[in-house]
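Quick note, the sequences are listed as chains A and B, same order.
Convert by adding 1404 to the 1-based position in the first sequence; the result is the number in my numbering.
Convert by adding 1404 to the 1-based position in the second sequence; the result is the number in my numbering.
The next block holds one structure in the form of structure tokens; read it before the comments.
Protein chains: 2
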Amino acid sequence: MEKTIQVQGMTCGHCEKAVKGALNEVEGVQSVDVDLATGAVNVSYEDPATLEQMHEAIEDQGYDVV
Amino acid sequence: MEKTIQVQGMTCGHCEKAVKGALNEVEGVQSVDVDLATGAVNVSYEDPATLEQMHEAIEDQGYDVV
Chain A
1405 MEKTIQVQGM TCGHCEKAVK GALNEVEGVQ SVDVDLATGA VNVSYEDPAT
1455 LEQMHEAIED QGYDVV
Chain B
1405 MEKTIQVQGM TCGHCEKAVK GALNEVEGVQ SVDVDLATGA VNVSYEDPAT
1455 LEQMHEAIED QGYDVV
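Right under this line is the structure:
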């Protein structure tokens, strides 16, 4: 499955790494691509990963999912 | 000694941490205070730390000293 999550508040490469790292720790996430300029985070995933878990992982890092 | 270094490009808490961490690794640096909004980095230091080393440490993290 593939989904683009719109994230607010990422301002630099460190932010990108923080979000990528958190998503990659969700079991089932296969790849993460971040477009820092637009805040678009593209995630490829399979079971057991859920969108809810991914949103939580992002918010735990201090960013907002739009 | 105390010096305020004006740094460009710090956008978030991660940037602040990166600059602080790099400066604290310079031998002789005693304390670092970062004002993210203005980019002002206040450093207390003693020998053998030099301003040149501190500038280098900041630039190595990808930020510009004004």
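Each residue gets a CB set at the ideal place from its N, CA and C atoms; glycine is no exception.
Point to revise | 7 Å Cβ cut-off: residues of chain B touching residue 1415/A | key: For the purposes of this step, residue 1415/A is taken as the residue at position 11 of the first sequence. Result: 1415, 1416.
Check your understanding: Nearest CA to the CA of residue 1432/B: which residue from 1467/B, 1411/B, 1470/B, 1448/B?
Key -> Your numbering for residue 1432/B matches position 28 in the second sequence. Checking every option, the nearest Cα to that of residue 1432/B belongs to 1448/B.
Check your understanding: Roughly how many angstroms separate the alpha carbons of residue 1464/A and residue 1457/A, rounded to a whole number?
Key -> On the first sequence, position 60 is the one that residue 1464/A refers to. On the first sequence, position 53 is the one that residue 1457/A refers to. Their backbone Cα atoms lie some 10 Å apart in a straight line.
Point to revise | Within chain B, the residues that residue 1426/A reaches when beta carbons sit closer than 9 Å | key: Here residue 1426/A refers to the residue found at position 22 of the first sequence. Ordered by position in chain B, no residue passes the 9 Å Cβ test against residue 1426/A, which lies about 13 Å from the chain.
Exercise for review: Use the C-beta contact count for residue 1472/B: other C-beta atoms within 10 angstroms, 16 or more gives buried, fewer gives exposed.
Suggested key: Any question about residue 1472/B goes unanswered here, given that chain B covers just 1405 to 1470.
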